[in-house]
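Structure, as structure tokens:
There are 2 protein chains.
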Amino acid sequence: MILTVTLNTALDITYRTAALTPHTTNRVTEVSERPGGKGVNVARVLAALGHETVVTGFAGGRTGDALRELLAAEGPSDALVPVAGTTRRTIAVVDESTGNTTQLNEPGPVVTPAEWAGFLTSYRGLVAEADAVALCGSLPPGVHVGAYAELVRVARAAGPPVLLDTSGEPLRRGIAARPDLVKPNADELARLTGSREPLRATRDARRRGGRSVVASLGPAGMLAATPDGTWRAAPPKAVRGNPTGAGDSAVAGLLSGYVERLPWPERLARAVALSAATVLAPVAGEFDRRAYADLLPGVVVTEQVT
Amino acid sequence: MILTVTLNTALDITYRTAALTPHTTNRVTEVSERPGGKGVNVARVLAALGHETVVTGFAGGRTGDALRELLAAEGPSDALVPVAGTTRRTIAVVDESTGNTTQLNEPGPVVTPAEWAGFLTSYRGLVAEADAVALCGSLPPGVHVGAYAELVRVARAAGPPVLLDTSGEPLRRGIAARPDLVKPNADELARLTGSREPLRATRDARRRGGRSVVASLGPAGMLAATPDGTWRAAPPKAVRGNPTGAGDSAVAGLLSGYVERLPWPERLARAVALSAATVLAPVAGEFDRRAYADLLPGVVVTEQVT
Chain A
3 MILTVTLNTA
13 LDITYRTAAL
23 TPHTTNRVTE
33 VSERPGGKGV
43 NVARVLAALG
53 HETVVTGFAG
63 GRTGDALREL
73 LAAEGPSDAL
83 VPVAGTTRRT
93 IAVVDESTGN
103 TTQLNEPGPV
113 VTPAEWAGFL
123 TSYRGLVAEA
133 DAVALCGSLP
143 PGVHVGAYAE
153 LVRVARAAGP
163 PVLLDTSGEP
173 LRRGIAARPD
183 LVKPNADELA
193 RLTGSREPLR
203 ATRDARRRGG
213 RSVVASLGPA
223 GMLAATPDGT
233 WRAAPPKAVR
243 GNPTGAGDSA
253 VAGLLSGYVE
263 RLPWPERLAR
273 AVALSAATVL
283 APVAGEFDRR
293 AYADLLPGVV
303 VTEQVT
Chain B
3 MILTVTLNTA
13 LDITYRTAAL
23 TPHTTNRVTE
33 VSERPGGKGV
43 NVARVLAALG
53 HETVVTGFAG
63 GRTGDALREL
73 LAAEGPSDAL
83 VPVAGTTRRT
93 IAVVDESTGN
103 TTQLNEPGPV
113 VTPAEWAGFL
123 TSYRGLVAEA
133 DAVALCGSLP
143 PGVHVGAYAE
153 LVRVARAAGP
163 PVLLDTSGEP
173 LRRGIAARPD
183 LVKPNADELA
193 RLTGSREPLR
203 ATRDARRRGG
213 RSVVASLGPA
223 GMLAATPDGT
233 WRAAPPKAVR
243 GNPTGAGDSA
253 VAGLLSGYVE
263 RLPWPERLAR
273 AVALSAATVL
283 APVAGEFDRR
293 AYADLLPGVV
303 VTEQVT
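Chains as they are written, first to last, in the working numbering: chain A, 3 to 308; chain B, 3 to 308.
Right, dumping it as structure tokens:
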């Protein structure tokens, strides 16, 4: 099975309004809720691709209960660890007059040292059973900034490959623990390396400890620097839509390709096609299966020989 | 006891943000939750004034559970009727850079005819025990537009005086059922009567069926047209702050004055002082007890002889 870790899970709430006008009262016409957080989104896509998937991280309070109830109706298995605090809500307010989205993100529960220790015990057991591990998203308050580095080391000691998808200082420290794969976007890569030149920055990120580094470059596709070579992968055409979750779908594509032992060009093609099919899906964070099947054969993967 | 009815109760959530910027991701720094809806707010103030108070209306789903749990820690008794749908959330986003608030209001649960019938049975029993009844706020989806007229008639048949504080078509129909008191604000009164001249509009509202009509005129205080006379009541000084809940505090002032058999000028003075003390309170919807005690003796009540 594939294990995804989401330390700061979220109940993702979407509000539709005719128009969002600041400093007034806005009537919400439609409310929907979904279990969220990056690793939960990755797990949903992996399950849709037919992979046995287990979700772990923290969940607590009424929003944690709501998240677990909604997760039980989806594909992944629930190995979330209870926490005394309350799982955060994220609210996406979609303004129907413009199509724009305003996001409000709660901070998340404060995790105590005892809760972190309890999570580590559970994580060690899950990692021993896993074919691959994905560590995704931000850290909740109270969790130490080197948490991902610690989780990378546990996974490396146990054996399965570990992918890291986070940002800022947790990424900087996590990459130094030598994860098998990191998947920064262009902004995260620039913050990490100080370079906005993708090829240079991706190679720099490898020197910092990432065995393979796959940078997601938005509509331009992906750039992968690996021990086997360096590739660019681009979608057959530019797609327009909602990019929410596109990066999580790319992670699912890379991980599924890894456990299926696909060569790098095929993993990248899958990641790029899933990502574009997520931008095209009518519901944020889902992927359009037909678009995925249509796009996959057209992804252009080019080896970079420099 | 005093019974307050809130058909569309709410879990009131307040978010603090450094600045709310539309079409971006906004980090919420502080989250607080409170049981809400206009009748719940009225009951909170009545309980703070020392009155035995019972809250009814509908509550359902996880947000309904959260509301009831928070209500249990406050003064009023809980006689809310369960509903299969989910109680709405309201979100007040306070932008700390400007102090402005952006409000997002969910629509509320769809109430079925069977749930409405169950509520009516419960309401009949509660009204028989009540010294006064307050009907407050908007109607949730599914409840018929003449609902307040129906609740006014039940109260009038049972005996206790009934106050109506709503707007639009539910007010128009409710007032025709001859409630003892209606408390529109200036906008609601203008929509009801077509007149922006408060004295004319207040008297017109009496002709439409309100035995007494007390119009809240914001910082200018209140105007009351009653069988005993017509009065204006004005606060001793203009107050600046958050007007959220000021109207609900005024309702609590009027109702408590009624059951204590105060003459109209004293009821109005109490309503105006409570309303101003709510504007001055640091937490939206609470009232500042010291400000209330300071303001009360200074409220100027003038009889209108025309």
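The beta carbon of each residue, even a glycine, is placed where N, CA and C say it ideally should be. Model, not experiment: these values are computed from the prediction.
Inset, instruction - Tell me, to the nearest whole angstrom, how far the beta carbon of A:A81 is from that of A:L69; I am working on the premise that it is less than 8 angstroms. - result: No, A:A81 and A:L69 are not in contact; Cβ-Cβ is about 13 angstroms, not under 8 angstroms.
Inset, instruction - Quick one: using the 10 Å Cβ neighbour count with 16 as the cut-off for buried, is A:K239 buried or exposed? - result: exposed
Inset, instruction - Find out if the Cβ-Cβ distance for the pair B:N43, B:G247 is shorter than 7 angstroms. - result: yes
Legend entry - Euclidean distance between Cα positions of B:V7 and B:T168: 11 angstroms
Legend entry - Extent of the continuous beta strand (DSSP E) run through B:P163: Here B:P163 belongs to no beta strand (DSSP E), and DSSP marks it neither H nor E.
Legend entry - Own chain partners of B:P245 with C-beta closer than 6 angstroms, once the 5 adjacent residues on each side are dropped: V281
Inset, instruction - Mind checking the stretch 14-35 of chain A against chain B and listing, in chain order, the residues whose C-beta falls within less than 9 angstroms of any C-beta there? - result: I15, Y17, T19, L22, T23, P24, H25, T26, T27, N28, R29, V30, T31, E32, V33
Legend entry - Distance between A:T100 and A:R242 (C-alpha atoms, nearest Å): 15 angstroms
Inset, instruction - Examine the Cβ distances between the stretch 282-291 of chain B and the stretch 210-219 of chain B and report whether three or more of them are shorter than 8 angstroms. - result: no
Inset, instruction - Could you say which of A:T27, A:G59, A:E98, A:T11 lies nearest to A:P37 if we only look at CA atoms? - result: A:T11
Inset, instruction - Please report the residue range of the beta strand (DSSP E) in which A:A236 lies. - result: 231-236
Legend entry - the stretch 9-27 of chain B in contact with the stretch 46-56 of chain B per 3-pair CB rule at 8 angstroms: no
Inset, instruction - Give the secondary structure of A:L13 by DSSP, where H, G and I count as helix, E and B as strand, and everything else as coil. - result: strand
Inset, instruction - Report yes or no: is there a C-beta of chain A within less than 7 angstroms of the C-beta of B:A68? - result: yes
Legend entry - Within chain A, partners of B:D108 - CB distance below 8 angstroms: In the sequence as displayed, the identity of residue 108 of chain B is Glu instead of Asp. Here the neighbours are Y17, V30, V33.
Legend entry - Nonlocal neighbours in the same chain, by C-beta distance under 6 angstroms from A:R269, ignoring five residues either side: L256, G259
Legend entry - In chain order, each beta strand (DSSP E) run of at least 3 residues that lies wholly inside the stretch 113-177 of chain A: 134-138, 164-167
Legend entry - Residue from B:L264, B:V261, B:G300, B:R90 whose Cα sits closest to the Cα of B:A278: B:G300
Legend entry - When A:H146, A:A160, A:A227 are compared against A:P186, the one with the closest alpha-carbon: A:A227
Inset, instruction - Mind checking which residues open and close the beta strand (DSSP E) that includes B:S218? - result: 214-218
Legend entry - Pick from B:G66, B:E98, B:V135 that is closest to B:T92, judged by C-alpha positions: B:G66
Legend entry - Neighbour-count burial assignment, A:R311, 16 or more Cβ in a 10 Å radius: Given that chain A is displayed from residue 3 to residue 308, the structure contains no residue 311 of chain A and the question cannot be resolved.
Legend entry - Counted within 10 angstroms of its Cβ, other Cβ atoms place A:E131 as buried (16 or more) or exposed: exposed
Inset, instruction - Can you pull the chain B residues whose beta carbon is under 9 angstroms from the beta carbon of A:R193, in chain order? - result: Those within 9 angstroms of A:R193 in chain B number zero; the least Cβ separation is about 16 angstroms.
Legend entry - Three-way DSSP call (helix, strand, coil) for B:A252 in this model: helix
Legend entry - Minimum Cβ-Cβ distance from A:N10 to chain B less than 7 angstroms: no
Inset, instruction - From the DSSP output, in three-state form, read off B:R36 for me. - result: strand
Legend entry - Any chain A beta carbon closer than 7 angstroms to B:R64: yes
Inset, instruction - Could you give the DSSP three-state label for B:T23: helix, strand or coil? - result: coil
Legend entry - Among B:G176, B:R272, B:L166, the one whose alpha carbon lies nearest that of B:G41: B:L166
Inset, instruction - Pick helix, strand or coil for B:L257, following the three-state DSSP scheme. - result: helix
Inset, instruction - Compute the distance between the beta-carbons of A:A94 and A:T88, then report whether it is under 7 angstroms. - result: no
Legend entry - Residues of the stretch 97-126 of chain B whose Cβ lies closer than 9 angstroms to any Cβ of chain A, in chain order: D97, T100, N102, T103, T104, Q105, L106, N107, E108, P109
Legend entry - Outcome for B:D97 when other beta-carbon atoms lying within 10 angstroms are tallied against a minimum of 16: buried
Inset, instruction - With 8 angstroms as the C-beta to C-beta threshold (strictly closer), list the residues of the stretch 138-158 of chain A near chain B in chain order. - result: none
Legend entry - Delimiting residues of the beta strand (DSSP E) encompassing A:A61: 55-61
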